[in-house]
Amino acid sequence: MNGFSWVIEGEIGGMARPGHDADRLWKWLAEQGVGLVVSLTESAPDKDAMARHNIESLHLPVPDFTAPRQEDIRRFIEHARFHRHEGHAICVHCGAGIGRTGTMLACYLVSQGAGAAEAIARVRKARPGSVETEEQEAAVRRFAESPSGRHLPKGGKSAKGN
Numbered sequence: 241m242n243g244f245s246w247v248i249e250g251e252i253g254g255m256a257r258p259g260h261d262a263d264r265l266w267k268w269l270a271e272q273g274v275g276l277v278v279s280l281t282e283s284a285p286d287k288d289a290m291a292r293h294n295i296e297s298l299h300l301p302v303p304d305f306t307a308p309r310q311e312d313i314r315r316f317i318e319h320a321r322f323h324r325h326e327g328h329a330i331c332v333h334c335g336a337g338i339g340r341t342g343t344m345l346a347c348y349l350v351s352q353g354a355g356a357a358e359a360i361a362r363v364r365k366a367r368p369g370s371v372e373t374e375e376q377e378a379a380v381r382r383f384a385e386s387p388s389g390r391h392l393p394k395g396g397k398s399a400k401g402n
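Going by the working numbering, 284 is the number at position 44 of the sequence shown; the sequence numbering is gapless.
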């Protein structure tokens, strides 16, 4: 539905921008266990409509064909860790669901222990065409090299209990 595909089955996936039948989409995502939708488009989907299906919305606007800022990647990862700890799956979307979405999905894989190149390759296998620009690839590499990109133990909590 809406070009949705899992990158890690039951854990995290991506899709294109919601269309005219968004309420049906939110219902379907909730049935898949999604508890967090991350929107990278400049205009956010209707938070109230998502909330009716017990889905939290995180809006991190990123201009098309650009890369998310490192602080936005860190914010996404923190929200994702919380929702995974709560047992919720995550869905990320932008316009087409490949460039900005693929970048964030790859950063999530990095946060789970993958190297930047491996993460990009895994996302591209699940969502062909993902991580469209050199700037987006560089953002994944920068995140992988940062302290925020370090792998956390299973359960989503850091060693400090954060």
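Positions of the beta carbon are idealized from the N, C-alpha and C atoms, including for glycine. Fair warning: this is a prediction, and the values are worked out from it, not measured in the lab.
Two segments are said to touch when three or more pairs of C-beta atoms, one from each, lie closer than 8 Å; by this definition the segment 330-339 touches the segment 244-259.
Rounded to the nearest angstrom, the gap between the Cα atoms of alanine 357 and glutamate 326 is 29 Å. Looking at Gly389, Asn294, Arg364, Glu249, the one whose alpha-carbon comes closest to that of lysine 267 is Asn294. For histidine 299, there is no enclosing alpha helix (DSSP H); the enclosing beta strand (DSSP E) covers residues 296-299.
Annotation: the continuous beta strand (DSSP E) that includes histidine 333 extends over 329-333. Taking C-alpha positions only, arginine 292 is separated from aspartate 286 by approximately 10 Å. By the criterion of at least three beta-carbon pairs nearer than 8 Å, the segment 314-325 is not in contact with the segment 353-370. Under DSSP, valine 278 forms a beta bridge with Leu298, Val332. Assigned with DSSP and collapsed to three states, glycine 389 falls in helix.
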